[in-house]
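As structure tokens, the structure follows; a few thoughts come after it.
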Amino acid sequence: MTSMQDRKQSPIFVKTYDTLLWLLERTARFPKHERFRMARRVEESAFAFYDLLLQAGRLGEERTRDKRRLLLRADLELDRLRLQVRICQDLKLLSFKQYAHCAERLVEIGRLLGGWLKTVSG
């Protein structure tokens, strides 16, 4: 079973946590009318993604099917988050520079997730 210390040191957990904090700082600055619409959706997707990673990280090696299922759900949630961040940029809630920075982080997290999925599938 993966310990909390292992999850803290694993790059996907560290990068996801850092990105979550970065997003929370940005969504807190959205105009009031967007905090109840876009900010809430972005935050919920980011937390749901992290939650799925935590659940997968807690499963032991004997539960690879369950772990794979959770990681595939996390992949879908990451896609939702990417779309929501793009919409935020299109609505001018994030600058292009902020969007590019976040998109780069999400791509890197996606690569790490893909690698984890390969180890579980293989």
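Be aware that the sequence shown starts at 1, since it is given in the numbering used here, and climbs by one per residue.
C-beta atoms are modelled at their ideal positions from N, C-alpha and C, and glycine is treated no differently.
Note that this is a predicted model, so its numbers are computed, not measured.
{"Query": "Cβ shell of Leu-70 (< 7 Å), same chain only, five flanking positions each side left out", "Result": "Leu-52, Gln-55 and Ala-56"}
{"Query": "Residues of its chain near Met-38, where Cβ-Cβ distance is below 8 Å and the 5 sequence neighbours each way are ignored", "Result": "Thr-27, Phe-30, Gln-84, Ile-87, Cys-88, Leu-91 and Leu-93"}
{"Query": "Cutoff 8 Å; reference Arg-68; Cβ partners in own chain excluding five residues on either side", "Result": "Leu-117, Val-120 and Ser-121"}
{"Query": "Per-residue DSSP class, three states only, for Gly-60", "Result": "coil"}
{"Query": "For Ser-95, the nearest candidate out of Ser-10, Leu-23 and Thr-16 (CA to CA)", "Result": "Leu-23"}
{"Query": "Sufficient close CB pairs (3 or more, under 8 Å) joining the stretch 72-84 to the stretch 103-118", "Result": "yes"}
{"Query": "Distance, Ile-12 Cα to Glu-34 Cα", "Result": "29 Å"}
{"Query": "Pairwise C-alpha distance: Arg-111 and Arg-7", "Result": "Since pLDDT at Arg-7 reaches only 49, below the 50 mark, its modelled position is unreliable, and no value is offered."}
{"Query": "Helix, strand or coil at Pro-11 according to DSSP, with G and I counted as helix", "Result": "helix"}
{"Query": "Cβ neighbours of Tyr-99 in the same chain (closer than 6 Å, five flanking residues each side left out)", "Result": "Gln-89"}
{"Query": "Cβ shell of Ser-45 (< 7 Å), same chain only, five flanking positions each side left out", "Result": "Glu-77, Arg-80, Leu-81 and Gln-84"}
{"Query": "Which of helix, strand or coil DSSP assigns to Ala-39", "Result": "helix"}
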